[in-house]
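Take a look at the structure below.
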DNA sequence: CACCGTTACTGAACCGGATAAGTAACCTGA
DNA sequence: TCAGGTTACTTATCCGGTTCAGTAACGGTG
């Protein structure tokens, strides 16, 4: 038994295919009575539009794409992406847009995915994350004229739309908070240095610590994995004088750092204060619970989806929109330094 | 400038649309010389097939769907799904299949998503995870005749294909290992009781502990969140006599349990041994690192994708395929009991 | 040399919708 | 009462592929 088409509805209703199409799409051209009859029949025989046929005539795929580049195993561990996707979908679902997801290994294959998606008309637009310094994707998307929204920025996004949160400000605020507690020796365990948002945070750390004239302000760069977070922490805590507070660029590294500190016989927060960028239930599981920079990532995703749908709609020019910044959630891992 | 179509290629090559289609798809009906000429022109003008047009005539969407039901915030935290997706895609990409992802809140909307995807011909098949007791999805998918593979089973999958791993066996092996170490009082912190795999594990726990004649064998059920894992651990460790070893159904709860034990002044593994079902880098971050049941989840996903493609192809009848079972990776969180 | 089978195509129909253009029937107002 | 406009449709075409039914040309065979 085949799926019903508008031709089936037309036959049953005794009208033409065209009339059915108008009726189903709320277009003028049919009487209210006919429209109701058509809708009732469609409901009755369980008609659903064939998205391929729609896409073929309407030229809109009703889908957007998200390609995630997966460095090492980081992706699976960070709740960030799943929460982002969750937020995206809340918005997409209300507009009957589907999400195509693809995990890629490197920049070229990511660009290849965009070309293919766009060429095959599988998506109407894409979202890109983890903006890099000199990001090749921006130019390609501009050239392809593929509607896109960058989750990140606002620098380096070219003519693309973007949504961003003020990581630099949040980091500065965190430093000020730690300094207010009495800390004078801080460290920042940063992520991959070629990512824009990492750079923004590192620069903010440098500027604020210089402005406040801190004794020690070290930045360690990592690849966001727990291993490197642990390793960086070992280096930091072996130095002399050692920092009394560390800001980690994600929660995984913060937890690894906490573990290392305890293993080295230090008490958190008495001997060492710890702050994690990006909060997650993970931060509340460990002992002591971690002070973290909390963001509403789902809302971030929803905003990104909204912007993308606007760009696809073509009504508005690509814009740069800021979402709420991360705010500090103090928990048990931060306190006045011991001495 | 519009995208080139096969009509453009036909015009340039001086042949008909039909011949171009044969040439591009490797079908017989054109000479080798013409085929090469057509392929060269396609390459030159940058032609890519319009997937909607293909889907419309060929009736294959070249996409599969994955709807994940997200209880609370568990999804984002567990690396399981991302690793599964990663494995799926490795296999799908080689066959130029795309993955449609949708997060849903409850069973009805999940079923709604399948109906819509299938009705709209957006997907050629779907994967379902987290099989439940009396799972409504199975019947619906059978009725819809939507090609599907269950990630789980082998019980309760009806006539659908499935891939599964022997969780019961792995759990039994773990119990035997702990007993061999000298433990006589065990506990199992299980997940959601209406999930099939949780039930299989719980039943295995019950059977093996009875067979071995253990003094204490308690099962606590939770919703897989760290919070409930912590809560269950508090209850277990407050009991008298308290268990000397606990098996947790995921890594998040195991970490929460570890934290609670330490908070209650117990030393792991001296006073309490801990095992986590499903390994992840998280298990190696904490101190002591957690003994875990390691599975190659990506391989599991790849196998699921393979099976789904087979079912879609329609050549093979739906089969039940077993993947490698989880194997115990002993780390620092398990040892002989103190006394 | 007539006949048959193969090869290499062409032309047209088709998939399921969207939509522009055409057409009756009806209403309105001068 | 009739031109002019609106309403409620129908008809036909298009989107970009796939595929089936022809067909002309060619080679081999008895």
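Protein chains in written order, with the working numbering: chain A, 1 to 339; chain B, 1001 to 1339. Glycine included, each C-beta is placed from N, C-alpha and C at the ideal position. These numbers come from a predicted model, not from an experiment.
9 Å Cβ cutoff, residue i in contact with chain B
i	result
residue 81/A	yes
residue 111/A	no
residue 85/A	yes
residue 91/A	no
residue 333/A	no
residue 286/A	yes
residue 343/A	Residue 343/A cannot be examined here, being either before or after the span of chain A that is shown, 1 to 339.
residue 228/A	no
residue 156/A	no
residue 255/A	yes
residue 252/A	yes
residue 191/A	no
residue 40/A	no
residue 243/A	no
residue 211/A	no
residue 237/A	no
Reduced DSSP category for residue i - H, G, I as helix; E, B as strand; rest coil
i	result
residue 47/A	coil
residue 1200/B	helix
residue 126/A	strand
residue 1149/B	strand
residue 324/A	coil
residue 216/A	strand
residue 1034/B	helix
residue 209/A	helix
residue 1221/B	strand
residue 1253/B	helix
residue 1116/B	helix
residue 1055/B	helix
residue 1270/B	coil
residue 305/A	helix
residue 286/A	coil
residue 1017/B	helix
residue 1137/B	helix
residue 1310/B	helix
residue 319/A	coil
Min CB distance residue i to chain A below 9 Å
i	result
residue 1136/B	no
residue 1262/B	yes
residue 1012/B	no
residue 1049/B	yes
residue 1270/B	no
residue 1061/B	yes
residue 1070/B	yes
residue 1147/B	no
residue 1117/B	yes
Residues that residue i bridges to, as DSSP identifies them
i	result
residue 345/A	Not covered by the structure: residue 345/A. The range shown for chain A is 1 to 339.
residue 1277/B	1293/B
residue 1069/B	1104/B
residue 63/A	98/A
residue 1142/B	Residue 1142/B is not bridged to any residue.
residue 248/A	189/A and 276/A
residue 161/A	149/A
residue 1329/B	1292/B
Residue i, enclosing alpha helix (DSSP H) - first and last residue
i	result
residue 165/A	No alpha helix (DSSP H) holds residue 165/A; DSSP gives it neither H nor E.
residue 1082/B	1079 to 1094
residue 227/A	226 to 238
residue 1338/B	Where residue 1338/B is concerned, there is no enclosing alpha helix (DSSP H), given that its DSSP letter is neither H nor E.
residue 1008/B	1006 to 1013
First and last residue of the uninterrupted beta strand (DSSP E) at residue i
i	result
residue 27/A	Neither: residue 27/A is in no beta strand (DSSP E) and is coded neither H nor E.
Nearest-angstrom Cβ-Cβ length linking residue i and residue j, presumed shorter than 8 Å
i	j	result
residue 1087/B	residue 1299/B	6 Å
residue 1226/B	residue 1253/B	6 Å
residue 290/A	residue 333/A	5 Å
residue 1292/B	residue 1278/B	7 Å
residue 1198/B	residue 1190/B	5 Å
residue 1048/B	residue 119/A	3 Å
residue 1052/B	residue 1124/B	Actually they do not touch by this definition, with Cβ atoms about 14 Å apart.
residue 1141/B	residue 1247/B	About 33 Å separates the two Cβ atoms, so there is no contact after all.
residue 128/A	residue 163/A	Contact doesn't hold; Cβ gap of about 11 Å is too wide.
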